[in-house]
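Student: Okay, here's the structure, questions in a sec.
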Amino acid sequence: MNDETVGIALVVASAVGFGTLGIFGVIAAEEELSIPTVLSLRFALASVIIWTILWSRGRLHIPSRRIVAIAFVLGAGGYATQSALYFFGLEFMTAGMVAIVLYTYPAFVVVLTAVVHPDRVTLPLIAALALSIGGVALITGADPAGVDPRGVVVVLGSACAYSFYILVSQRALTTVPAATLTAFVLPAAALSFLVFGAGTGSLTMPATPTAWGVIFGIAMLATVVPVLTFFAGIAKIGASRASVISTAEPGVTVGLGALVLGEPVSVVTVVGGTLVVVGVLLIQREETV
Numbered sequence: 017m018n019d020e021t022v023g024i025a026l027v028v029a030s031a032v033g034f035g036t037l038g039i040f041g042v043i044a045a046e047e048e049l050s051i052p053t054v055l056s057l058r059f060a061l062a063s064v065i066i067w068t069i070l071w072s073r074g075r076l077h078i079p080s081r082r083i084v085a086i087a088f089v090l091g092a093g094g095y096a097t098q099s100a101l102y103f104f105g106l107e108f109m110t111a112g113m114v115a116i117v118l119y120t121y122p123a124f125v126v127v128l129t130a131v132v133h134p135d136r137v138t139l140p141l142i143a144a145l146a147l148s149i150g151g152v153a154l155i156t157g158a159d160p161a162g163v164d165p166r167g168v169v170v171v172l173g174s175a176c177a178y179s180f181y182i183l184v185s186q187r188a189l190t191t192v193p194a195a196t197l198t199a200f201v202l203p204a205a206a207l208s209f210l211v212f213g214a215g216t217g218s219l220t221m222p223a224t225p226t227a228w229g230v231i232f233g234i235a236m237l238a239t240v241v242p243v244l245t246f247f248a249g250i251a252k253i254g255a256s257r258a259s260v261i262s263t264a265e266p267g268v269t270v271g272l273g274a275l276v277l278g279e280p281v282s283v284v285t286v287v288g289g290t291l292v293v294v295g296v297l298l299i300q301r302e303e304t305v
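Position in the sequence shown (first residue = 1) + 16 = the numbering used here.
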């Protein structure tokens with residue numbers, strides 16, 4: 017296979033991996049695992065695996081103290097907040113709905129960018145923003161199956177936190193490789209959930225083989241594999257094309273939610289989710305022009 021085919025396959029694998037996160041999250045809740053437990057173990061295990069992989073390949077480098085500090089803020093603040101709200105949202109909505117609503121984050125990036133650089137906002141970007149928000153509004157207003165307004169608000173908060181994470185990390189990535197930054201973001205996120213869980217008495221060790229399987233699934237299949245395959249895919253086909261292909265992620269979650277969890281999928285869900293994805297594609301197209 018040529019580099020282009022391999023790159024596409026890697027990004028598709030990444031989208032599938034990230035798409036399993038909500039499914040594992042629902043099963044974790046059924047196993048009565050608390051959010052701090054799941055996320056502290058997720059990020060701790062993922063940190064160990066990624067550090068080991070980078071070290072074995074001779075790619076583990078300690079960045080400057082400034083970058084380490086930025087990574088700590090990104091992990092303990094932005095990424096931890098995004099992840100916590102994502103899993104909290106699963107308590108109110110189906111995994112598929114959570115994935116669709118979360119995928120409005122590029123629209124929030126546009127809004128935040130407009131605050132700082134209003135000259136970058138164009139009519140196509142505004143139209144794309146309207147499509148993404150309109151898709152969520154359609155699902156919320158017309159399709160009560162699997163939708164709870166409280167969950168929509170929570171997951172929109174997750175999307176907003178993720179947009180902050182993206183904007184800040186973009187600046188850091190001008191001086192450090194993405195894999196290196198990720199290697200320092202993950203343990204910071206793990207530490208934040210460990211401290212929060214210990215302080216609130218909500219940390220518990222998984223008690224069943226299924227619970228441990230879910231933890232390892234989240235850490236490996238929904239974190240390490242998609243992170244590394246996405247970076248590898250970008251190296252072969254570029255960030256713009258990789259971003260377009262990765263829009264398959266919410267569709268993967270909706271499909272897996274229906275197949276694995278028996279979640280409802282209505283016509284309105286499909287139409288609303290399509291509007292969100294089309295809006296994201298238009299945003300990415302406009303940003304690369």
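Cβ atoms here follow ideal geometry from the backbone N, Cα and C, with glycine treated the same way. Treat the numbers as computed from the prediction; the structure is a model and nothing was measured.
Cα-Cα, which of Val201, Glu46, Thr120 is closest to Ala96?
Tutor: Reading the sequence shown from its first residue, position 80 is the one you call residue 96. Checked all of Val201, Glu46, Thr120; the closest Cα to Ala96 is Val201.
Student: Do you know offhand how far Phe124's Cα is from Ala175's?
Tutor: Your numbering for residue 124 matches position 108 in the sequence shown. Your numbering for residue 175 matches position 159 in the sequence shown. Whole-angstrom Cα-Cα distance: 7 angstroms.
Student: Taking C-beta to C-beta, are Pro52 and Gly213 nearer than 8 angstroms?
Tutor: Counting from 1 along the sequence shown, the entry for residue 52 is found at position 36. Counting from 1 along the sequence shown, the entry for residue 213 is found at position 197. Yes, they are a contact pair.
Student: Using only the alpha-carbon positions, how far apart do Val294 and Val171 sit?
Tutor: For the purposes of this step, residue 294 is taken as residue 278 along the sequence shown, with counting starting at 1. For the purposes of this step, residue 171 is taken as residue 155 along the sequence shown, with counting starting at 1. CA-to-CA, the gap between Val294 and Val171 works out to about 19 angstroms.
Student: Where are the beta strand (DSSP E) runs, 3 residues long or more, that stay fully inside the stretch 171 to 199, in chain order?
Tutor: none
Student: Do Ser50 and Ser208 have their C-beta atoms within less than 8 angstroms of each other?
Tutor: If you number the sequence shown from 1, residue 50 lands on position 34. If you number the sequence shown from 1, residue 208 lands on position 192. For Ser50 and Ser208, no; Cβs fall outside 8 angstroms.
Student: Return the chain-ordered ranges of every alpha helix (DSSP H) run that is complete within the stretch 23 to 67 and spans a minimum of 4 residues.
Tutor: If we require 4 residues or more, the alpha helix (DSSP H) runs fully inside the stretch 23 to 67 come out as 37 to 46.
Student: If you pair each beta-carbon of the stretch 31 to 44 with each one of the stretch 216 to 232, do three or more pairs fall below 8 angstroms?
Tutor: yes
Student: Quick check: the stretch 236 to 249 against the stretch 87 to 105, are there 3 or more CB pairs under 8 angstroms?
Tutor: no
Student: If the criterion is Cβ atoms closer than 8 angstroms, does the pair Leu37 and Ile234 meet it?
Tutor: For the purposes of this step, residue 37 is identified with residue 21 of the sequence shown, where counting begins at 1. For the purposes of this step, residue 234 is identified with residue 218 of the sequence shown, where counting begins at 1. Their beta carbons are under 8 angstroms apart, which means Leu37 touches Ile234 by this criterion.
Student: Contact check, Glu279 vs Gly273 under 8 angstroms by CB: the rounded distance?
Tutor: Position 263 of the sequence shown, counting from 1, holds the residue named residue 279. Position 257 of the sequence shown, counting from 1, holds the residue named residue 273. With 8 angstroms as the limit, Glu279 and Gly273 qualify as a contact, their Cβ atoms being about 4 angstroms apart.
Student: Give the secondary structure of Val281 by DSSP, where H, G and I count as helix, E and B as strand, and everything else as coil.
Tutor: Position 265 of the sequence shown, counted from the first residue, corresponds to residue 281. Note: Val281 maps to coil in three-state DSSP.
Student: Quick one: grab the DSSP three-state call for Arg73.
Tutor: Position 57 of the sequence shown, counted from the first residue, corresponds to residue 73. Arg73: coil per DSSP, three-state reduction.
Student: Tell me the rounded alpha-carbon separation between Val84 and Val283.
Tutor: For the purposes of this step, residue 84 is taken as residue 68 along the sequence shown, with counting starting at 1. For the purposes of this step, residue 283 is taken as residue 267 along the sequence shown, with counting starting at 1. Computed Cα separation, rounded: 46 angstroms.
Student: Can the beta-carbon of Ile39 be found closer than 8 angstroms to that of Val240?
Tutor: Residue 39 sits at position 23 when you count from the first residue of the sequence shown. Residue 240 sits at position 224 when you count from the first residue of the sequence shown. Their beta carbons are not under 8 angstroms apart, which means Ile39 does not touch Val240 by this criterion.
Student: Just reading off the alpha helix (DSSP H) that Tyr118 is part of, what are its end residues?
Tutor: What you label residue 118 is simply residue 102 of the sequence shown in a count that begins at 1. According to the sequence shown, residue 118 is Leu rather than Tyr. For Leu118, the enclosing alpha helix (DSSP H) has its first and last residue at 111 to 118.
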